[in-house]
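Everything in the sequence shown is counted per this note's numbering, starting at 719 for the first residue and increasing by one. Think of the CB as a built atom: it goes at the ideal place given N, C-alpha and C, for glycine as much as any other residue. Working notes, structure below.
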Amino acid sequence: MRPVIIVTLNGKEIERKELDQDLVAVGRDMDNDIVINNLSVSRCHAIIQIRDGKIFVKDMASANGTFVNGQKIEGCELNDGDLMLVGKHILKLDMGHQKEIKSEARDQHTKYSSSALDNGTMIFDVETRDKFLSKLESEKNPNIPKLTLDDGKKTLIKSDYFVIGKRYDADIVINGLFVNEHHAIIQKQSDGSYKILNMGSFVKPVKVNGKVVKEKILAQNDLIQIGSYRFTYNQ
């Protein structure tokens, strides 16, 4: 079984591309091997290459960049299960437990050796980019609990001591009158559950499901509210 690139958008699979050649081009133009018809994707966005039995991805100076497991890359080796973010789409490498990849020695590198920031590509702002990176991280770590804002942006609770507040180094930074530097803390418990602690003021307390709490073990779909900020807790 050959390795496969699985292309998804918003969690829905839209294409599978078997890596049956040494070089696979990804981009918006129709002559790419994986065509992603979206303005967030450059005309030739990235290439995936097989060399010496290994798989590599290289960004082709795309407008919005190529990310692997949340990290922006110029080029890197891929491993089974790695997730690439190309525009709004997530591409997953599925090796199918293959031990070795045999090269067919077809070199198309000259055709795709360079790319500029092409006209017509929609450039992501930082907020939009972070939103799609959060989706990528959620798919890579599905068992880590997360907080989801009303606008759909997700933040994984990756530490045992997770801070919400206006301090610059908080895990989620919020602003507003009467918001404390450490306004709420979510702590992982010994049994694997997560407890939220209210560190806020009397004027702007932490609410869970509409009720002011001092501390509470969080449950699926609990709604956390701090002033105008609303987060849904999901496990």
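Inset, instruction - Sort V924, N728, G870, G745 by Cα distance to A781 and report the nearest one. - result: G745
Legend entry - Proximal residues to N755 (C-beta, below 7 Å), its chain only, five neighbours per side dropped: Taking N755 as the centre and dropping the five residues before and after it, the same chain places the C-beta of R746 closer than 7 Å to its C-beta, in chain order.
Inset, instruction - Pick out whichever of N927, I890, D878, R885 has its Cα sitting closest to the Cα of L865. - result: I890
Legend entry - From E795, I765, H807, D798, residue whose alpha carbon lies closest to that of K743: Checking the displayed sequence, the identity of residue 743 turns out to be Ala instead of Lys. Comparing Cα-Cα distances from A743 to each of E795, I765, H807, D798, the minimum goes to I765.
Legend entry - Cross-strand partners of K672 (DSSP beta bridge): In the structure displayed, the chain extends from 719 to 953; residue 672 sits before or after that span and is not available.
Legend entry - Per-residue DSSP class, three states only, for G945: coil
Legend entry - For G745, the three-state DSSP class (helix, strand or coil): Residue state for G745 is assigned as strand, using DSSP reduced to three classes.
Inset, instruction - Decide yes or no for the touch test of the region 896-904 against the region 879-887: beta carbon pairs closer than 8 Å, at least 3 of them. - result: yes
Legend entry - Contiguous beta strand (DSSP E) assignments of at least 3 residues, all confined to the region 746-817: 764-769, 772-777, 784-786, 789-791, 793-796, 801-804, 807-812
Legend entry - Alpha carbon of I791 to alpha carbon of I773, nearest angstrom: 15 Å
Inset, instruction - Out of C762, D800, R769, state which residue places its alpha-carbon closest to the alpha-carbon of G814. - result: D800
Legend entry - Under the three-state DSSP convention, the category L874 falls into: DSSP places L874 within a strand segment (E or B) once states are collapsed to three.
Legend entry - Outcome for R734 when other beta-carbon atoms lying within 10 angstroms are tallied against a minimum of 16: exposed
Legend entry - Through-space distance from V786 to I732, alpha-carbon basis: 19 Å
Legend entry - Entirely enclosed beta strand (DSSP E) segments - the region 901-932, minimum 3 residues: Fully enclosed beta strand (DSSP E) runs of 3 or longer: 902-906, 912-916, 924-926.
Legend entry - Cα-Cα separation, L867 to K934: 19 Å
Legend entry - Cross-strand partners of F880 (DSSP beta bridge): I904
Legend entry - Alpha-carbon spacing of L915 relative to I903, whole angstroms: Each residue's Cα considered, the two are about 5 Å apart.
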